[in-house]
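J.:
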Amino acid sequence: MIRDMSEHGGEAVSAEQARRSRLYDYMDVPGPGRQGDAVGAARGKREFEALLGEFRRSAVLVPLDPETESPLAADLGGVRWFYAFSDEGALARFAVTRGEGAREWAYQRWLGARLLDAAVPAAGVPCGVALDCADGDAGMVFPPVRRVVPDGVAVDVDGRTGGVR
C-alpha cells in the first residue's frame, strides 16, 4: 500500500513530446518519411533488448484493480496496457497524476517476465505493459509484438497485424 505520496515530481512536456513514443528510438528500420541510419537503428535495437531483458528479470509493482483484484490496466489504441512500476515512488506519482493519491493502493510484486509471458496471453486481447507511465521519458512501454510477448499473442505475427507490421 502506498502511504507517503510526497514524491510526485516530473517534468512538463509539450504535446509533441507526449505523443511521441519512445519506441521510435528503438525502431530497427526507419519508416517512410523518417531519417535514420543502420548504425543508429542497430544501437537502438540493442538498447531496447537490454531494457527488455532487465525488465524481464526485475520484480515490478503491479497495482490491483480495487473491484476485481486483477492487474490494473487501461485500453488505448486497441491495446490493453497493464500498469507496472519500478518502485513505490513511481506508483505514488501515478496515483497522484490520476487524482487518486489519497486512497490506498494494493499491489503485488511480479517479475516482468511473468507479466509478459503469462498475464499478457491471459488477457485475451492485444496487450502490452506500461512501466512507470507517469514518469514521462523515464517510463517505457513493452508492446504486444514478437520478441517482447509470446508469438502466439504478438500482433505482428501471422497476419494479425491489422495493417501494422
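For the sequence shown, our numbering gives the first residue as 18, with consecutive numbering after it.
Glycine included, each C-beta is placed from N, C-alpha and C at the ideal position.
Quick one: what's Ala91 bridged to in DSSP?
T.: On the sequence shown, position 74 is the one that residue 91 refers to. DSSP lists Trp98 as partners of Ala91.
J.: What number of angstroms, rounded off, separates the C-alpha of Ala101 from the C-alpha of Asp54?
T.: For this step, residue 101 is matched to residue 84 along the sequence shown. For this step, residue 54 is matched to residue 37 along the sequence shown. Each residue's Cα considered, the two are about 32 Å apart.
J.: Do Trp98 and Ala147 have their C-beta atoms closer together than 8 Å?
T.: In the sequence shown, counting from the first residue as 1, residue 98 sits at position 81. In the sequence shown, counting from the first residue as 1, residue 147 sits at position 130. Against a cut-off of 8 Å, the Cβ pair of Ala147 and Trp98 comes out as a contact.
J.: What would DSSP say about Val113, mapped onto helix, strand or coil?
T.: To locate residue 113, count along the sequence shown from 1; it is residue 96. If DSSP states are grouped into helix, strand and coil, Val113 belongs with the helices.
J.: With DSSP run on the structure shown, which of helix, strand or coil describes Ala123?
T.: As a working note, residue 123 is residue 106 in the sequence shown. Looking at Ala123 - three-state DSSP - the assignment turns out to be coil, as it is neither helix nor strand.
J.: I'd like to confirm the pairing. Which residues does DSSP put opposite Phe159 in its beta bridges?
T.: Translated into positions along the sequence shown, residue 159 becomes position 142. BP columns for Phe159 point to Val146.
J.: Along the beta strand (DSSP E) that carries Val166, what are the first and last residues, could you check?
T.: Here residue 166 refers to the residue found at position 149 when the sequence shown is read from its first residue. First-last for Val166: undefined, no H or E at that position.
J.: Does Val56 come out as helix, strand or coil in the three-state DSSP assignment?
T.: Numbered from 1 along the sequence shown, position 39 holds the residue referred to as residue 56. Looking at Val56 - three-state DSSP - the assignment turns out to be helix.
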